[in-house]
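Quick notes on the structure that follows.
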Amino acid sequence: MPTLDRPEPPYLQIAGRIRDDILSGRLQEGDAVPSAREIARTWTVAMATATKVLATLRSQGLVRPVRGVGTVVDRGGLHRTARDRAAASARTGRIYPPGHYAVIRSAGLEPASERAAAALGLDEGAPVIRRRRTTYGPDSRPLSTSTSWFDGALSAKAPALLVAERIPEGTAAHAAARLGTKIATTQERHAAGRADEEEAAELGLPAGSPVLLGRSTFLAADGTVVEYGESAALPDHWVFHEYTTEDGE
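Going by this note's numbering, the first residue of the sequence shown is number 40, and it counts up by one from there.
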C-alpha cells in the first residue's frame, strides 16, 4: 500500500535538534536554551511555532522556566537509558554527559547465573565477566546502579572489562570494538519494581523502595549478544523515547 512522506511539523523538528543538544551534553544542566524569540529568528518560524517548541521540551521533562532567566536545561527528572548512553557513545565517544559519572564497584569473572547465561546464550555456570557500577549526577547523588555481563571468552580480547575502572566509551562499545564489530541494536525493557538490599544501599534508599528496573541487551549486526545488563534507577525519573509511526490501524 503506498504511503505519503510526511515530514515532522517544524516545531517538532526544532525541538528534536535542541533535545539532541541536551541529551548529548552540548547543553548542560542549568544552561539556557534559546528563547522563543531566538528560535523564531534563527529558524525563520512564527512565534506561535517557537512557543510550541519550548512547550514540547517542557512536556518531555527536559527544560523548565526560571523567572528572570528564561528556559533552562533541567534533566533532573530524566533517566538516561542504556540506549541513550549507547547513542551518546557513538556520537561523542563518551557515555555520560558533563557532570555525570560512574563508580565501578566490582569487575571480574564468575559463573553465569541462569538469567545471565540465558541472555548471553551460554550454559548456566559458564564463565562470564560481571561488572557492577553506580551512576551519579552533577550533585553526586546516585541516580542508578547496574550490572553488566559478557561472555567470559571475551576476557582475552578485552581485559579492561576485568578491571574496576571506568571505560569512557562504554563497555558495550569497547567490547564490540575488541570483537571487530559494532553495536547494531539495543533492546530495552523497563518495569516498576522494588529495590533489593544491594540496590537500595547503592542508591541510598530503604530496602524495598520503588525503583525503575531495566534490562538491556546489546547486539552486533550478526545478532551476537555483546552485553547483557540489569539496572535499578530512582523513581520519578522519566524515560524518553520517540517513535515514528505511519497512519492506519
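Quick reminder that beta carbons are idealized off the backbone N, C-alpha and C, glycines included. Because the structure is a prediction, the values reported are computed rather than measured.
(message) Check whether the stretch 214-231 and the stretch 255-264 touch, using three or more Cβ-Cβ pairs below 8 Å as the test.
(response) yes
(request) Enumerate in chain order the residues of its own chain whose CB-to-CB distance from Thr283 is below 6 Å, with the five nearest sequence positions on each side excluded. (result) Residue placement at Thr283 cannot be trusted, given a pLDDT of 46 that sits under 50; the coordinates are not used to answer.
(request) Could you check the C-alpha separation between Ala89 and Arg76 for me, to the nearest Å? (result) 7 Å
(message) Considering Cα atoms alone, identify which of Thr256, Glu236, Ala199 and Gly147 is closest to Pro249.
(response) Glu236
(request) Answer with buried or exposed for Val105, where buried requires no fewer than 16 other C-beta atoms within 10 angstroms of its C-beta. (result) exposed
(message) Across the stretch 193-210 and the stretch 162-178, are there enough close Cβ pairs to call them in contact, namely three or more that are closer than 8 Å?
(response) yes
(request) Just the C-alpha distance for Ala141 and Tyr267, rounded to the nearest angstrom, thanks. (result) 18 Å
(request) Return the residue from the list Arg154, Ala54 and Thr184 that minimises the CA-CA distance to Leu242. (result) Thr184
(message) Could you tell me the alpha carbon to alpha carbon distance between Trp82 and Ala199, rounded to whole angstroms?
(response) 45 Å
(request) Please report the residue range of the alpha helix (DSSP H) in which Ser145 lies. (result) That residue, Ser145, is in no alpha helix (DSSP H); its beta strand (DSSP E) goes Tyr140 to Pro150.
(request) Pick out whichever of Ala240, Ser63, Leu148 and Ala272 has its Cα sitting closest to the Cα of Asp190. (result) Leu148
(message) Assuming contact is defined by CB atoms lying nearer than 7 Å, are Ala186 and Glu238 in contact in what I supplied?
(response) With the sequence shown as reference, residue 186 is identified as Thr, and Ala is not the correct amino acid for it. Taking 7 Å as the Cβ cut-off, Thr186 and Glu238 do not qualify as a contacting pair.
(request) Report the residue from Arg80, Pro49 and Val111 whose alpha carbon sits nearest the alpha carbon of Asp60. (result) Val111
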